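Accompanying notes for the structure given below.
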Amino acid sequence: MARPWLNVLAQVVPVPLGLLLSGALVWGATNADWSGTSSNSGNTWTAASAGLGNDSRKPMFSIEDMRPGDAGSNCARIKSNAEFPTALKLYSNSPNWPNDFQSFVNLRIEMGSGGTFGNCDGFTPHRTAFDGTLDEFVNLHTDFRTGVGPWTLPGKPPNSRSFRFAWKFSPSAPNGAQGETVNEVTFTWEARERE
Numbered sequence: 000m001a002r003p004w005l006n007v008l009a010q011v012v013p014v015p016l017g018l019l020l021s022g023a024l025v026w027g028a029t030n031a032d033w034s035g036t037s038s039n040s041g042n043t044w045t046a047a048s049a050g051l052g053n054d055s056r057k058p059m060f061s062i063e064d065m066r067p068g069d070a071g072s073n074c075a076r077i078k079s080n081a082e083f084p085t086a087l088k089l090y091s092n093s094p095n096w097p098n099d100f101q102s103f104v105n106l107r108i109e110m111g112s113g114g115t116f117g118n119c120d121g122f123t124p125h126r127t128a129f130d131g132t133l134d135e136f137v138n139l140h141t142d143f144r145t146g147v148g149p150w151t152l153p154g155k156p157p158n159s160r161s162f163r164f165a166w167k168f169s170p171s172a173p174n175g176a177q178g179e180t181v182n183e184v185t186f187t188w189e190a191r192e193r194e
């Protein structure tokens, strides 16, 4: 005699079994899809530099025992390694002086090409940057905003500008100027990105 529960089982089991097998086939088909990738690695961002240097290894001037009418000069070459155009200016951030001795030192600064520190041979002036007294330069040109210039340094090094500093101790320096000394003077070149 046939068992009725076996008939029910034979009718009910194929449906879940069929669903289970069809799900497995779908999963297998999805898992078998081919794919490909392409990458671009090693990406970095580095800021540019507006580095500036000069070829001096000691002060341009250390003059002793000056007499009225004495004169001299020296050159310096300024180099930029900036990869973008910059504006170059020259100024002095030296402290104010307590006497007027520096007003008897005449100073002429020219911007040009050629020449090196300690040797102005080959220097070709392009423009006079300053012509006055040392006192005027130090008091009037104290930072980038008030500095002389600007001169454009194009991007992509090497870029350079040469400067000739010519001084003369005034023939009209008074007797009271004997033995006087100016305070230490610092000449500063600064380059900023052109706007």
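Residue numbering for the sequence shown follows numbering that gives the first Met the number 0, beginning at 0 and increasing consecutively. Glycine included, every Cβ here is placed at the ideal spot set by N, Cα and C. Owing to the predicted nature of the structure, the values given are computational and were not obtained by experimental measurement.
- Query: Exposed or buried, which one is Asp134 when buried takes at least 16 other CB atoms within 10 Å?
  - Reply: Along the sequence shown, read from residue 1 onward, the residue named residue 134 stands at position 135. So Asp134 counts as buried.
- Message: Distance check for Phe168 and Met65, CA to CA, integer angstroms please.
- Response: On the sequence shown, position 66 is the one that residue 65 refers to. On the sequence shown, position 169 is the one that residue 168 refers to. Computed Cα separation, rounded: 7 Å.
- According to DSSP, is Asp134 helix, strand or coil? Numbered from its first residue, the sequence shown carries residue 134 at position 135. DSSP places Asp134 in helix when its eight states are reduced to three.
- Item | Euclidean distance between Cα positions of Pro173 and Phe100 | For this step, residue 173 is matched to residue 174 along the sequence shown. For this step, residue 100 is matched to residue 101 along the sequence shown. Those two C-alpha atoms are separated by around 9 Å.
- Message: Taking the straight line between their C-alpha atoms, what separation do you get for Ala176 and Gly154?
- Response: Taking the sequence shown and counting its residues from 1, one reaches residue 176 at position 177. Taking the sequence shown and counting its residues from 1, one reaches residue 154 at position 155. One C-alpha to the other measures close to 46 Å.
- Going by DSSP, which residues form a beta bridge with Trp199? The structure shown does not extend to residue 199, since the chain is modelled only from 0 through 194, so no value can be given for it.
- Item | Where Ala176 sits in the DSSP three-state scheme | The residue given as residue 176 occupies position 177 in the sequence shown. Three-state DSSP puts Ala176 in a helix.
- Query: Hey, how far is the Cα of Phe246 from the Cα of Ser112?
  - Reply: The first residue shown for the chain is 0 and the last is 194, placing residue 246 beyond what the model contains.
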